[in-house]
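Colleague:
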Amino acid sequence: MMMSIRWKRRTAKALMLAMSITSGWAQQEGGDKPQQPEEPEAPPIKWNSFSLGYSYWTIGGNDHKLRQYASPTRDLDLRELRYTYPGNGITPYGRIVMKGIPKNDNVQEGQLIFANGRANLTFAFDSHEFYDPTPITVDKSHERNAQATLSYSLTPDLGVWVAYRNKTKDLSYEPAKANTAAINRTLAAGIEGNVLGGHAGVTVAERRFNDRNGVLPTTINRRIDLFYGRQILPTLNLEGVFSNTRIQQRGFRDSNVRSWVLNSDWDIGPETLLSASFRREDLSLPNTDNAYVRKRFSYGARLSHRFLNSIFAQIGYEHREAERVRGDQTFVDVPKWDIVDGRVSGRIGSTGFRYALRGSWEHLNRAALMVTEDPRALYWDDRVRFLGKVTYGGERLNAYATYQYRFDQNTPRNVEISSQSLTIGGSYSFSDRTSAFVEFANERYRASGLRDEAGYDLDWFFPSSTSIALGFNHSFDASTSLSIGLTHFVTNNDNPLGLRDGNIRNTELTATFRRQIDQNNALELVVAPWSYRDRLSDQMNYRSTMIGINWTVRF
Amino acid sequence: MQTIVLIVGVASLLYGAVGSEQGQRIDQSQAAKLFARAKADDYMGDEYCVDCHAGISKNFKQSPHAALMVDPKLPADKRGCEGCHGAGGIHQADENPDVIAFRAMSPKESTAACMRCHASTLSDAHWKRSAHAKADLSCVSCHQIHPDVVPEWEPGSVQKGAAADPKNPVFTARIEPRTMLKADQATLCGQCHGPQVAEFRLASHHPIPEGRMQCSDCHNAHPNKNTKINRAADRDKCVTCHTEFQGPFVFEHDPVAGHTGAGCAECHKAHGSHNPKMLNSFSRGLCAQCHTEKLSRHYPGQSCWNAGCHVSSHGSNSSPIFLNP
């Protein structure tokens, strides 16, 4: 009985969560309503858990493709150890999460809050192994990260922090691409808070890059950011930002990038905001021998207003200029862009529907002169973006449809590239025990205007794709449930050169069966048959099946 | 023009810095009004809250947020339960109990209540300008201060993302958010950003489905100075991990450097693509969309880079046409 109530509560809360985070309706609708009556008190939840698992894999075909980004869990593995020590106000709060063992991909994360809650230490380590997706034999690639951040609250309104990160990459590629063996170390510190009647902060950071192969120069970036903002009038906020980055490279002269930004926000009315910004950036790149930009400048303004507490509208304009040294290092061009953008969003009464329309148009109104072999401009002279979105949130149904349009045009070179994507999806709760999710996404590209004398059409190199995702959850009773997730995608590609990875059909199906043995123990069975098929080249194909069993105990 | 704007801006900022009390923020949020009403005697301490809210109180101790509010040196209106929800005395005394109930308030009011403390690391202006604020989200749209709802790893959870992504139970060494979110970032952000989630399902993507990355590795949900300072912010984000492409190089490739275009996004789709290497187009079409004269007349092999020629297309210190590093 106890377990049944708990299960119903979990399911109901999970459903509420999925619905509320879909678009924040719970808040929106609750705007000015009186406070809701209190819910019955929740019983305490056991947060600590230990999960052990065993997985068995079968694979036929290209293991590199399956492990392109990370390695699936395998053999006996620590699925998860999660422990929280809540402290008591005197002793520190501590939390640790561990996943995986050193032989497999693994992650360890932790947090310690001490000094009466004024100091917060977080740390994380992770290690993943993977392969360059190639049919030839290559070494395993590794990436290892270690990072820690300590923040301390000097006063309730002022804090300092220091952070360190070490990222090691050993990447092995298919020739002729050279392998990467790099170490990045970043040390940063900052102080930020409410001072001088406003909000201010200083951050300093040093990032060191070391190529252990000795191909790229050791590079040290030293950066400082300063900002100060305050409400100079009850309705006017102004903020200034300065940044300087000095770049040292062994064997080269130092480079420097310096930026100034001014932002302002003027509350014209309770629902109307006018924001304006000005930005300037100076780049000193003394080692660069071809075209580069030595100065950038932009300004813009954006006006937003909320109508009838349900419609949000915004219109903006931005002007950009770039002072550009040409490839022959002699002349300076100043290409200029104008960008307008707009947005309307809101909800339709209390129907549960929300919509958003967003668009922008970028126009190059002064092109740069090229000193290349082909002197026609290389820049896009018009770029258009549009997004339309409708969502619905109801008691059982959550649904959404999104349409995106992109258009890039280079008139001198007679190139127009457009793409349209449509995503439709939703989830439906048939009952407290059963829910399903479905999503369809289609992305279509079109490159027009360019067909050369050999008959090559640029459009041949702009494939389209379709993907489908399905999810199904069912709880047979208070302690037994089944989840199934499926992803399937297909690429439509002319692929005139018959290259691999161009005409793909991929399916990933994972079924998870869970059985809650008692309040604190659970068993989980995972079956995941996946396949990847290239219709032109079978070198990358694989078929795999994973069977795994996990045991989780809460304490 | 640039100089005038700069001078006017700096002068206004200085005026603000030395300005009078007029410069102080006038806060009229519901939370500010409630706290202004409270007298010292109205703050009764957490033990009084536990009498009626035992379950919530016990679960709240598991939240890092609880540990951040125990400092006895904190003023009473920023400590414990009453630091967020208002003075217990007022809550008990009123016929219609006045309390700050974050999920029952409008997004604007709810955010204002959180900003009473968090304005030290995120200014009102920064938040107000953000797309999330303009879309009527508030802090509690994403953050879960009381861990009293089902966490994403709870058996029986029917969250959409967890059920729909077949990779979750397979790639188990997953990095987690550390900021009291309602769910893992891929699930949480994906509730509104559906098309981006769909892109992550394609053959070539950033390894979020495999758990090696999170949305916040690239995106800053709370815009602050770092997102506004850089013209080449996208590139700066990318080279945080892809440091080997940071340059500056002796021979820069303008689109890569982001000098005049969209930087890395000129060639790559940041979330995912059906083309290898997350490219916008397939094979030599990528280069030919700008270098149109090279569509077929140049080397008629495979891609410009993996044919072994322009192997350093991100920039080179030795070859103006990117033949060598």
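Respectively, the protein sequence lines represent chains U and W.
Per the working numbering, the first sequence starts with residue 1, numbered consecutively.
Per the working numbering, the second sequence starts with residue 556, numbered consecutively.
Here a beta-carbon is modelled for each residue, glycine too, at the ideal position from N, C-alpha and C.
1) Please state whether DSSP places U/Leu-66 in a helix, a strand or coil.
2) Would you call the segment 342-352 of chain U and the segment 314-323 of chain U touching, i.e. three or more CB-CB distances under 8 angstroms?
3) Check the Cβ-Cβ distances between W/Phe-804 and every residue of chain U, and say whether any is below 8 angstroms.
4) Given that U/Asn-116 touches chain W, what residues does it touch there, using C-beta distances under 8 angstroms?
5) Verify the CB distance criterion: does U/Gln-111 have a CB-CB separation below 8 angstroms to chain A?
6) What are the boundary residues of the alpha helix (DSSP H) that includes W/Met-670?
7) Taking just the CA atoms, how far does W/Lys-832 sit from W/Thr-734?
8) At a CB distance below 9 angstroms, what residues from the segment 203-219 of chain U approach chain W? Give them in sequence order.
9) Answer yes or no: do U/Leu-76 and U/Tyr-54 have a C-beta to C-beta separation smaller than 8 angstroms?
10) Under a CB-based cut-off of 8 angstroms, is W/Phe-877 close to chain U?
11) What whole-angstrom Cβ distance do U/Ala-291 and U/Leu-274 have, given they're in contact under 8 angstroms?
12) Leaving aside the five residues before and after U/Gly-548 along the sequence, list all residues of the same chain whose C-beta is less than 6 angstroms from its C-beta, in chain order.
13) Are the C-beta of U/Lys-8 and some C-beta of chain W separated by less than 8 angstroms?
14) On the DSSP bridge assignment, give the partners of U/Glu-395 in chain order.
15) Roughly how many whole angstroms lie between the Cα atoms of U/Tyr-559 and U/Arg-347?
16) Can you have a look at W/Val-866 and say buried or exposed, based on whether 16 or more other CB atoms are within 10 angstroms of its CB?
17) Under 8 angstroms Cβ-Cβ, which residues of chain W neighbour U/Glu-508?
18) Counting only runs that start and end within the segment 613-645 of chain W, where is the alpha helix (DSSP H) found for 4 or more residues in a row?
19) Within its chain, find whatever has a CB closer than 6 angstroms to the CB of U/Asp-374; leave out the 5 residues flanking it on each side and keep chain order.
20) What residue range is occupied by the uninterrupted alpha helix (DSSP H) comprising W/Lys-683?
21) Closer than 6 angstroms by C-beta to W/Gln-617: which residues in its own chain qualify, once you throw out the five before and the five after it? Chain order, please.
22) So, W/Asp-626 versus U/Asn-116, is the Cβ gap smaller than 8 angstroms?
23) When the Cα of W/Leu-629 is compared with those of U/Gly-394, U/Leu-154, U/Pro-92 and U/Gly-388, which residue comes out closest?
24) Kindly say whether W/Ser-874, judged by its beta-carbon, lies nearer than 8 angstroms to any beta-carbon of chain U.
25) Suppose contacts are defined by Cβ-Cβ distances below 8 angstroms. Is U/Thr-391 in contact with U/Tyr-400 by that definition?
26) Using a Cβ cut-off of 8 angstroms (strictly closer), state whether W/Phe-726 contacts chain U.
27) Restricting to Cα atoms, I'd like to know which of W/Gly-870, W/Pro-880 and W/Lys-849 is closest to U/Ala-454.
28) Within its chain, find whatever has a CB closer than 6 angstroms to the CB of U/Arg-279; leave out the 5 residues flanking it on each side and keep chain order.
29) Would you please verify whether the beta carbon of W/Val-605 is less than 8 angstroms from any beta carbon of chain U?
30) Compute the distance between the beta-carbons of W/Leu-757 and U/Phe-489, then report whether it is under 8 angstroms.
31) Output needed for U/Gly-426: all residues of its chain with C-beta closer than 7 angstroms, excluding positions within five of it in sequence on either side, in chain order.
32) Quick one: which chain U residues come within Cβ less than 7 angstroms of W/Phe-590?
33) Roughly how many angstroms lie between the CA atoms of W/Gly-813 and W/Asn-879, to the nearest whole one?
34) Closer than 8 angstroms is the cut-off here; do at least three beta carbon pairs connect the segment 627-647 of chain W with the segment 667-677 of chain W?
35) Using a cut-off of 7 angstroms between C-beta atoms, extract the partners of W/Lys-633 located in chain U.
36) Considering only the alpha carbon of each residue, which of W/Cys-845, W/Gly-840 and W/Gln-844 lies closest to U/Gly-502?
Modeller: With the structure as the only source:
1) Walking along the first sequence from the start, residue 66 of chain U turns up at place 66. Helix.
2) Yes, the segment 342-352 of chain U touches the segment 314-323 of chain U.
3) As a working note, residue 804 of chain W is residue 249 in the second sequence. Yes, W/Phe-804 counts as interfacial toward chain U.
4) For this step, residue 116 of chain U is matched to residue 116 along the first sequence. In chain order: Val-625, Asp-626, Pro-627 and Lys-628.
5) The displayed structure is made up of protein chains U and W, and chain A is not among them.
6) As a position in the second sequence, residue 670 of chain W is number 115, starting the count at 1. Taken as a continuous stretch (DSSP letters only), the alpha helix (DSSP H) holding W/Met-670 covers 662-673.
7) As a first step, residue 734 of chain W must be located in the second sequence, where it is residue number 179. As a first step, residue 832 of chain W must be located in the second sequence, where it is residue number 277. Those two C-alpha atoms are separated by around 31 angstroms.
8) Answer in chain order: Thr-203, Arg-207, Phe-209, Asp-211, Val-215, Leu-216, Pro-217 and Thr-219.
9) As a position in the first sequence, residue 76 of chain U is number 76, starting the count at 1. As a position in the first sequence, residue 54 of chain U is number 54, starting the count at 1. Cβ atoms of U/Leu-76 and U/Tyr-54: closer than 8 angstroms.
10) Translated into the one-based positions of the second sequence, residue 877 of chain W becomes position 322. No, because no Cβ of chain U sits closer than 8 angstroms to the Cβ of W/Phe-877.
11) Reading the first sequence from its first residue, position 291 is the one you call residue 291 of chain U. Reading the first sequence from its first residue, position 274 is the one you call residue 274 of chain U. No, U/Ala-291 and U/Leu-274 are not in contact; Cβ-Cβ is about 37 angstroms, not under 8 angstroms.
12) Counted from its first residue, the first sequence places residue 548 of chain U at position 548. Same-chain partners within the cutoff: Gly-53, Ser-55 and Val-526.
13) Sequence index remark: in the first sequence, residue 8 of chain U carries index 8 (1-based). Low local confidence applies: a pLDDT of 41 at U/Lys-8 is under 50, so the model's placement there is unreliable, with the coordinate-based value given in what follows. Chain W contact via Cβ: absent.
14) In the first sequence, counting from the first residue as 1, residue 395 of chain U sits at position 395. Looking at the DSSP assignment, U/Glu-395 forms no beta bridge with any residue, so it has no partner.
15) Because chain U spans 1 through 555 in this model, residue 559 of chain U falls outside it and cannot be assessed.
16) Taking the second sequence and counting its residues from 1, the one referred to as residue 866 of chain W is at position 311. The residue is buried, with at least 16 neighbouring Cβ atoms inside 10 Å.
17) Residue 508 of chain U sits at position 508 when you count from the first residue of the first sequence. Simply Pro-721 and Lys-722.
18) Entirely contained in the segment 613-645 of chain W, the alpha helix (DSSP H) runs reaching 4 residues are, in chain order, 619-622 and 635-640.
19) One-based indexing of the first sequence puts residue 374 of chain U at position 374. Answer for U/Asp-374: no residue qualifies.
20) Indexing the second sequence from 1 puts residue 683 of chain W at position 128. In the DSSP assignment, W/Lys-683 falls within the unbroken alpha helix (DSSP H) covering 679-683.
21) In the second sequence, counting from the first residue as 1, residue 617 of chain W sits at position 62. Only residues of its own chain outside the window of five on either side were considered, and among them Pro-702 have a CB closer than 6 angstroms to the CB of W/Gln-617, listed in chain order.
22) Numbered from its first residue, the second sequence carries residue 626 of chain W at position 71. Numbered from its first residue, the first sequence carries residue 116 of chain U at position 116. Yes; because the gap between Cβ atoms is below 8 angstroms, this pair is in contact.
23) Taking the first residue of the second sequence as position 1, residue 629 of chain W is located at position 74. Cα-wise, what sits closest to W/Leu-629 is U/Leu-154.
24) In the second sequence, counting from the first residue as 1, residue 874 of chain W sits at position 319. For W/Ser-874, no CB of chain U lies under 8 angstroms from its own CB, so it is not counted at the interface with that chain.
25) For this step, residue 391 of chain U is matched to residue 391 along the first sequence. For this step, residue 400 of chain U is matched to residue 400 along the first sequence. Going by C-beta atoms, U/Thr-391 is nearer than 8 angstroms to U/Tyr-400.
26) The residue given as residue 726 of chain W occupies position 171 in the second sequence. Interface flag for W/Phe-726 against chain U is set, since a Cβ pair is found closer than 8 angstroms.
27) Mapped onto the first sequence, residue 454 of chain U falls at position 454. Across the set W/Gly-870, W/Pro-880 and W/Lys-849, the C-alpha of W/Lys-849 shows the shortest separation from the C-alpha of U/Ala-454.
28) Locating residue 279 of chain U in the first sequence gives position 279, where the first residue counts as 1. By the criterion of a C-beta distance shorter than 6 angstroms, U/Arg-279 is surrounded in its chain by Val-261 and Ser-298, once the five residues flanking it on both sides are discounted.
29) For the purposes of this step, residue 605 of chain W is taken as the residue at position 50 of the second sequence. Chain U, which has no Cβ nearer than 8 angstroms to the Cβ of W/Val-605, makes this no.
30) Working through the second sequence from its first residue, we reach residue 757 of chain W at position 202. Working through the first sequence from its first residue, we reach residue 489 of chain U at position 489. It is a contact, given that the beta carbons lie within the stated cut-off.
31) The residue given as residue 426 of chain U occupies position 426 in the first sequence. Cβ within range, chain order: Leu-397, Asn-398, Ala-399, Tyr-400 and Val-438.
32) In the second sequence, the residue the question calls residue 590 of chain W occupies position 35. Those do not exist, as W/Phe-590 stays about 14 angstroms from chain U at its closest Cβ, beyond 7 angstroms.
33) Position 258 of the second sequence, counted from the start, is the residue given in the question as residue 813 of chain W. Position 324 of the second sequence, counted from the start, is the residue given in the question as residue 879 of chain W. W/Gly-813 and W/Asn-879: Cα-Cα distance of roughly 21 angstroms.
34) When C-beta atoms of the segment 627-647 of chain W are compared with those of the segment 667-677 of chain W, three or more pairs fall below 8 angstroms, so the two segments count as touching.
35) Here residue 633 of chain W refers to the residue found at position 78 when the second sequence is read from its first residue. Simply Pro-156.
36) Here the question's residue 502 of chain U lines up with position 502 in the first sequence. Ranking the options by Cα distance to U/Gly-502, first place goes to W/Gly-840.
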